[in-house]
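This note's numbering puts the last residue of the sequence shown at 901; the count rises by one with no breaks.
No residue lacks a Cβ here, since even glycine has one placed at the ideal position from N, Cα and C.
A quick write-up on the structure given underneath.
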Amino acid sequence: MTPITTPALPEKEVRLWSMLCHLAALTGLLIPSFGAVVGPLVFWLVKRNDHPTIDANGKEALNFQLSALIYSWGLGLLGAATLFILVGFLFLFCAFVVSLAALILAIVASIKVSNGETFQYPFTIRFFT
């Protein structure tokens with residue numbers, strides 16, 4: 773018996789799925805906080821075995837969105853705890869900036885990946901390697 777092989781994905785399709793892994797973070801606009809993690813997680817779990825590039829981009833998007841979630845929640849908790857001494861407003865503002873930057877970087881990453889370039893997010897904790 774000959775082994776069953778799956779046909780190779782065309783480069784255009786690899787780029788599309790890689791881009792969608794990053795753009796899926798925009799679900800954070802619909803489901804605050806965890807939506808930005810769930811979107812990339814779903815795309816990565818569905819397509820990770822189809823091509824190594826899709827797997828790498830899915831992990832990159834998921835790692836960054838998890839990192840951004842931890843950073844923004846940490847800053848938010850610090851802000852809530854120190855709100856009474858007015859420093860808390862600075863932490864809350866920083867939490868907002870981190871969340872906004874995560875969405876903007878997801879768009880930048882999707883554009884770069886759709887053009888065939890690689891993209892690595894800054895300040896990312898590598899949960900999945």
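With a threshold of 16 other CB atoms inside 10 Å of the CB of residue i, please say whether the residue is buried or exposed.
i           : result
residue 863 : buried
residue 898 : exposed
residue 784 : exposed
residue 835 : buried
residue 780 : exposed
residue 865 : exposed
Return the Cβ separation of residue i and residue j in integer angstroms, given the expectation that the two are a contact with Cβ distance under 8 Å.
i           : j           : result
residue 867 : residue 847 : 4 Å
residue 812 : residue 797 : 6 Å
residue 791 : residue 885 : 5 Å
residue 810 : residue 825 : That belief does not hold up - the Cβ atoms of residue 810 and residue 825 are roughly 22 Å apart, past 8 Å.
Judging by CA-CA distance, which residue of the options is the nearest neighbour of residue i?
i           : options               : result
residue 795 : 858, 805, 857 and 877 : 877
residue 839 : 892, 882, 857 and 858 : 892
residue 889 : 780, 788 and 805      : 788
residue 875 : 844, 814 and 859      : 844
residue 807 : 901, 786 and 793      : 793
residue 900 : 882, 851 and 832      : 832
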